[in-house]
Amino acid sequence: MPILEGYQVTKNFGGLTAVAHVDFNVEQGEILGLIGPNGAGKTTLFNLISGALTLKSGAIKFKDKTISGLRPHQICRMGIARTFQSIKIFANMSALDNVLLGSLFGPKSVMSTNEASAKATELLDFMELSNSKNTPAKDLTLVNQKKLEVARALATKPELLLLDELMAGLNPTEVIHAMELVKSIRAKGITIIMIEHVMKAIMNICDRIMVLHHGEKIAEGTPHDIATSKRIIEVYLGE
Amino acid sequence: MSSKGITSRSSFLLGILCLVVVLLATSPMYAPAYIVILLTSILMYVVLTVSWTIFSGPTGYISLAPAAFFGIGIYTAATLGEALPLAAVVIIGGLVSFIIALLVGAVTLRLRGIYFAIFTFGLVLLIQHLLLWYEVNITGTRGRFVIVVDNTTIFYVMLIIFVLLMLTAFFIRRSKYGLALQSIGENEEAASHIGINVTVLKVITFAISAIFMGAAGAIMATRWTYIDPYIAFNTNFSFLPVLMAIFGGMGQLYGPFLGAVILAYLEELLLTEFPYYYMLLFGIIMVVAILYLPNGIVGLIQKWRKEGFRRKHANT
Amino acid sequence: MLTTILDVLIAGLLLGGLYALIAMGLSLQYGVARVLNIAHGEFLMLGALLTWWLYTMFGINPLACLAICGPLTFVIGFILHRTLYKRLRTSSATPGIFESNSMLASFGLLFIIQNVALIAWGSQIKSYSYLTSTIDIGGAVFGANRLVTLGFAVVIGIAFYIFLARTRTGKAIRAAAQDPAIAGLMGVNINQILALCFGLGALMAGFAGMLVSMCYPVNAVMGFEYTTIAIIVIVLGGLGSIPGSFIGGFILGIIGSIVIYLQPGLALASYYLIFIVLLLVKPTGILGK
Numbered sequence: 000m001p002i003l004e005g006y007q008v009t010k011n012f013g014g015l016t017a018v019a020h021v022d023f024n025v026e027q028g029e030i031l032g033l034i035g036p037n038g039a040g041k042t043t044l045f046n047l048i049s050g051a052l053t054l055k056s057g058a059i060k061f062k063d064k065t066i067s068g069l070r071p072h073q074i075c076r077m078g079i080a081r082t083f084q085s086i087k088i089f090a091n092m093s094a095l096d097n098v099l100l101g102s103l104f105g106p107k108s109v110m111s112t113n114e115a116s117a118k119a120t121e122l123l124d125f126m127e128l129s130n131s132k133n134t135p136a137k138d139l140t141l142v143n144q145k146k147l148e149v150a151r152a153l154a155t156k157p158e159l160l161l162l163d164e165l166m167a168g169l170n171p172t173e174v175i176h177a178m179e180l181v182k183s184i185r186a187k188g189i190t191i192i193m194i195e196h197v198m199k200a201i202m203n204i205c206d207r208i209m210v211l212h213h214g215e216k217i218a219e220g221t222p223h224d225i226a227t228s229k230r231i232i233e234v235y236l237g238e
Numbered sequence: 000m001s002s003k004g005i006t007s008r009s010s011f012l013l014g015i016l017c018l019v020v021v022l023l024a025t026s027p028m029y030a031p032a033y034i035v036i037l038l039t040s041i042l043m044y045v046v047l048t049v050s051w052t053i054f055s056g057p058t059g060y061i062s063l064a065p066a067a068f069f070g071i072g073i074y075t076a077a078t079l080g081e082a083l084p085l086a087a088v089v090i091i092g093g094l095v096s097f098i099i100a101l102l103v104g105a106v107t108l109r110l111r112g113i114y115f116a117i118f119t120f121g122l123v124l125l126i127q128h129l130l131l132w133y134e135v136n137i138t139g140t141r142g143r144f145v146i147v148v149d150n151t152t153i154f155y156v157m158l159i160i161f162v163l164l165m166l167t168a169f170f171i172r173r174s175k176y177g178l179a180l181q182s183i184g185e186n187e188e189a190a191s192h193i194g195i196n197v198t199v200l201k202v203i204t205f206a207i208s209a210i211f212m213g214a215a216g217a218i219m220a221t222r223w224t225y226i227d228p229y230i231a232f233n234t235n236f237s238f239l240p241v242l243m244a245i246f247g248g249m250g251q252l253y254g255p256f257l258g259a260v261i262l263a264y265l266e267e268l269l270l271t272e273f274p275y276y277y278m279l280l281f282g283i284i285m286v287v288a289i290l291y292l293p294n295g296i297v298g299l300i301q302k303w304r305k306e307g308f309r310r311k312h313a314n315t
Numbered sequence: 000m001l002t003t004i005l006d007v008l009i010a011g012l013l014l015g016g017l018y019a020l021i022a023m024g025l026s027l028q029y030g031v032a033r034v035l036n037i038a039h040g041e042f043l044m045l046g047a048l049l050t051w052w053l054y055t056m057f058g059i060n061p062l063a064c065l066a067i068c069g070p071l072t073f074v075i076g077f078i079l080h081r082t083l084y085k086r087l088r089t090s091s092a093t094p095g096i097f098e099s100n101s102m103l104a105s106f107g108l109l110f111i112i113q114n115v116a117l118i119a120w121g122s123q124i125k126s127y128s129y130l131t132s133t134i135d136i137g138g139a140v141f142g143a144n145r146l147v148t149l150g151f152a153v154v155i156g157i158a159f160y161i162f163l164a165r166t167r168t169g170k171a172i173r174a175a176a177q178d179p180a181i182a183g184l185m186g187v188n189i190n191q192i193l194a195l196c197f198g199l200g201a202l203m204a205g206f207a208g209m210l211v212s213m214c215y216p217v218n219a220v221m222g223f224e225y226t227t228i229a230i231i232v233i234v235l236g237g238l239g240s241i242p243g244s245f246i247g248g249f250i251l252g253i254i255g256s257i258v259i260y261l262q263p264g265l266a267l268a269s270y271y272l273i274f275i276v277l278l279l280v281k282p283t284g285i286l287g288k
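Residue numbers (numbering that gives the first Met the number 0), protein chains in the order written: chain Y, 0 to 238; chain Z, 0 to 315; chain E, 0 to 288.
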C-alpha cells in the first residue's frame, strides 16, 4: 500500500495556479525524486503535504488517513517531517536544543526529558555534529546547518521525510556525503521524497522521479525513463 | 530549560532571590511604613514586568495590554471586595484576567504578531469604554469605593503574588515549554513542523501571564479606595512594564526584574515633584533603549564583562 | 424619520471623513515605511491643541492654522524618520524585528509627545467656537464647522489621491510600497521617499487634528483613542492599502454614527466588534492582499 497518496491536488494563489490536479503515490521505503524548473510548484506541493498550506481541492492521504486540512504539528506527529529550502533552524539556540525540541514534541508518543536528550545526542552523533553540540545554530557552517535541520526532522521519528533542496550550495564532495546520508536514512526504513536540482544526486539515488512543470505532473518514472524522455529534455533546455 | 541543566550561575541567582524574599518578608517588622509602601509599589511593577516577559520575551509577540488585565483586577476588587474575603477577590481577579486573555489570544494569536500587538493596544481603552457605558447606563453610578486594607497586608499579598510569579516563570523557562516558546520566537513555522502546537502554547502562556497582572490589580485597588474606569484603566500601566522589560533586558529573567526595580524606584522619586516630566523621561528612555540598548541593561553588563575579560587576556 | 436618517448619515460621513484622513496617514506610514506608528494620534493631538492655542491666544483663524499645523507636523515626522526610524532600519536584523522595534519606539514617542503637551497646556479639556452657525439640509441641522470639516476631509483625500496617482513623487511612493529594493534599483531615493511618506502621514494627522478641534473638545490625552480607531480602519481597509483605508474610514464612520445615535458610549466597542469579526473571518481586510 502506498504510504502517501495525492488525488487531484490543486492550489491557487489568487489568479495563479501553483499546483494543478496532481495525482501521486509514494511507496513505503522508496526514494522519490521531485524535479522541475523553478516555479513548477515543487515546494508548494511539499507545503500542501506538510500542512503549511491548505489545498484548494483534492485530497492527500498518509497511510490511508486523510491529512489534507490538518495542521502542521498534527501531521508531524503522524509521521511526516521535512526540511526547508531556506534553512529554518532556530538560529540563537544551540544545535542540541534544536534537535532536542524535535525529540520532545515530534514523536507520536511523548518521551521523558532524559530520553529525549539521549535521542538528540544520538542523532547529533549520527550526523557527525557532536562537536557543535553547544554552538548556536547560526554559527554553524552551511553544510552543518543543513545537517542540523535533517537531524531535527529525524528527531520527530518520521516515517516519511521531505527534503527540500538538500544539496543546494554544497560542493561536489559534500554532495557525495549528502547522497550517502540520504541512503542511510532510507536504510532506517524511512520513505523519502526529495526536491533537487542537482541531477547527479537525483539520478543516482532515486528509485523513481516525478516531474512537475507549471504546476502539472508531466512525467513520472525511473531515472532511466526520465533521462531518456525527449519531453523532459525540452522542458529543461527550453526554459 | 536548556540542555545544560542547572548551572552554578542560575543556582547563584536563585540563592540571591531567596535572600531577597526573606529580607522582604521580614521588612515590615523593622522598616518604617513609607518604605513598606514603596516596596509594595516596586513589587507591583516587578510583577507586571516579569509576567509580561513570560510571554512576550521568548515569543516576540509584543502585548500592549498589561493595563487592561491590571484594570480588570482592580475592578474585580471594587465589585467583589465587600462580598468576599480578600484572598478570594485576588484569585478571582487573576481568573477573570485569565479568561479574557484566553479569548483575546484565541482571536489574535492565530495570526501574525502585528495583529496581536494592534488588538492589545486598544484593549485597555475598549474595556474602559465598556465599563463606563455600563456604569452610566445600567448601574447609574460613576466609580466605586474599594474596601480598605492595611498596608502591611497589601504588602504581603503582593509579596506572595511575586513569589508565585517567579516560581511560575522559573518553571516555564526550565520546562520543555519554555524551550518551545523560544523556538516560536526563532522560527514559528519550523516550530509547528516539529510537532509544537504553536497556537495553543501561545494562547495558554499569554493567559497565564495575565493571571498575575489581574491579581496584582486586585490587591493594589485596595490602596486607592476610590476607582472609576479612568483610574483603573490607565495607559501608563501598559507602557511601563514594556519599558521596564526592554530597559532591563529580555534575555534572562532577572533583566525585567532589574529594569522594574530601577525604574519603579525612579518613578517614586520623581512622581511627586515632576508629575509629567517623569513620564516624559520614561518615553525618552524607551526610545534610547530601543536604539542603543538592544539587550537592555543586562546586555550592557554582559558586554562590559566580556570586554573586561578580553582586555585582561589581550596579551596572552 | 427621513430627517433622522439624513442626520445620522451625514454625521456618519463627517465622522468617516475624519477617520479616513487619519487612517490614510497611518496607512502611508505602515504601508510604505513599514512603521506602525502608534504615536500617530499624538500628531493629531498636536494639530488640535496648536489650533486651539493659536485661535484662543492670537485669534488666528483655525482654517489658516492648516498652513501652520500641517507643515509643522510634516517636518517633525520627516525628521523623526530621517533620524530615529532610519537608524532602526539599519540596526534591525530582520524586517520582523524592525516592525516590532519601530512600533516600540513609537510607543516611547507617544508618551514623549503626550507629556510635552501635558506640560505645555495642562490636562484640562479645551474647546473653542468657530463657524458654529447652523445650516439646514433637508430638515437636518448641522453646524457650519462640521460641514466645512467634511468638505476639507474630502478635498484633502482627493488631493492626496491625485498626488499618489499622477505625480512623479506619488508614483515613486507607490513603487516603494510595492517593493523597496526594486524601487531603489530603479533610481528612487528610498530614504528620501520613506521619510517623505512618514512626514506626509504626520501631516494628515495634523490636518485631521485641526479639523477635529473645530468640531469637538480637545485635550492632551485624546490621541490614544484616535490611534486605536485609525488602526482598526487600516485593518478593515486592508493593511498597506491606502484606498482601503479611505473606504474603511467612511464605513466605520457611518457605523459609528449609527451606534452613537442608538447607544452613545458604545462606538469604540462596536468598532472592536467589527475588528474581532474581521480577524476571525478575513484578516487581510477589504482591499488587502
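Glycine included, every Cβ here is placed at the ideal spot set by N, Cα and C. Bear in mind the structure is a predicted one, so any value in this text is a computation, not a measurement.
Near-chain E residues of the stretch 130-141 of chain Z - C-beta to any C-beta below 8 Å: Leu131, Trp132, Val135 and Asn136
Length at least 4, wholly inside the stretch 156-236 of chain Z: the alpha helix (DSSP H) runs in chain order: 175-192, 197-223 and 228-231
Interface flag, Z/Gly56 vs chain E, CB-CB below 9 Å: no
Run of the alpha helix (DSSP H) containing Y/Leu54, from where it starts to where it stops: Note, Y/Leu54: premise wrong, no alpha helix (DSSP H); not H, not E.
Interface residues of chain E facing Z/Ile113 [CB-CB closer than 7 Å]: Leu35 and Glu98
4-residue-minimum alpha helix (DSSP H) runs that sit fully inside the stretch 131-165 of chain E, ordered along the chain: 143-165
In DSSP terms, what Y/Leu161 is bridged to: According to the DSSP secondary-structure assignment, Y/Leu161 is paired through a beta bridge with Y/Arg81 and Y/Ile192.
Start and end residues, beta strand (DSSP E) containing Z/Gln251: Z/Gln251 -> no beta strand (DSSP E), and no H or E assigned at all.
The stretch 293-308 of chain Z touching the stretch 218-230 of chain E, judged by at least three CB pairs closer than 8 Å: no
Within-9 Å CB hit, Y/Met92 to chain Z: yes
Min CB distance E/Arg81 to chain Z below 9 Å: no
Alpha helix (DSSP H) segment containing Y/Gln144, residue limits: Counting along the chain, the alpha helix (DSSP H) containing Y/Gln144 begins and ends at Leu141 to Ala154.
As assigned by DSSP and simplified to three states, the class of Y/Asn24: strand
8 Å contact criterion, which Y/Leu100 and Z/Ala179 should meet: CB distance rounded: 7 Å
Burial state of Z/Phe205, where buried means 16 or more other Cβ atoms lie within 10 Å: buried
Sequence-distant residues of its chain with Cβ nearer than 7 Å to Z/Leu37 (five each side left out): Counting only Cβ-Cβ distances below 7 Å, and skipping sequence neighbours, we find Glu267.
Alpha carbon of E/Ser132 to alpha carbon of E/Ser126, nearest angstrom: 16 Å
Chain-ordered chain Y contacts of Z/Gln181 [CB-CB under 7 Å]: Met92
Pairwise C-alpha distance: Z/Phe161 and E/Leu79: 39 Å
Pairwise C-alpha distance: E/Ser256 and E/Ser269: 11 Å
Short Cβ contact (9 Å threshold) for E/Ser244 with E/Ile228: No, the pair does not count as a contact, with Cβ atoms beyond the cut-off.
Residues of the stretch 51-78 of chain Z with Cβ closer than 8 Å to any Cβ of chain E, in chain order: Along the stretch 51-78 of chain Z, going in chain order, the ones with a CB nearer than 8 Å to a CB of chain E are Gly59, Ile61 and Leu63.
C-beta atoms of Z/Leu242 and E/Gly107 nearer than 9 Å: yes
Cα-Cα separation between Y/Asn133 and Z/Leu252, rounded to whole angstroms: The alpha-carbon atoms of Y/Asn133 and Z/Leu252 are separated by roughly 21 Å.
Below-9 Å beta-carbon distance, Y/Thr155 vs any chain Z residue: Interface annotation, Y/Thr155: in contact with chain Z, CB-CB separation under 9 Å.
Cβ-based burial, Y/Gly14 [other Cβ within 10 Å; buried from 16]: exposed
Integer-rounded CB distance, given that Y/His176 should sit under 8 Å from Z/Gly194: Their Cβ separation, rounded to whole angstroms, is 28 Å, which puts Z/Gly194 and Y/His176 out of contact at 8 Å.
C-alpha distance - Z/Leu164 paired with Z/Leu94, whole-angstrom precision: 14 Å
Runs of alpha helix (DSSP H) wholly within the stretch 20-47 of chain E (minimum 4 residues, chain order): none
Below-9 Å beta-carbon distance, Z/Pro240 vs any chain E residue: no
Chain E contacts made by the stretch 282-302 of chain Z, where a contact means CB separation under 7 Å: Going along the stretch 282-302 of chain Z in chain order, one finds Gly282, Ile283, Met285, Val286, Ile289 and Leu290 with a Cβ nearer than 7 Å to chain E.
Chain-ordered neighbours of Y/Leu54 on chain Z, where CB pairs are closer than 9 Å: Per Cβ cutoff of 9 Å: no residues; Y/Leu54 is ~17 Å from chain Z at best.
Three-state class that DSSP yields for Y/Phe12 in the structure shown: strand
Where Y/Arg70 falls: helix, strand or coil (DSSP): coil
Closest by C-alpha distance to Z/Thr119, when choosing among Z/Glu134, Z/Trp132, Z/Asn136 and Z/Leu101: Z/Leu101
Y/Glu219, DSSP secondary structure in three states: strand
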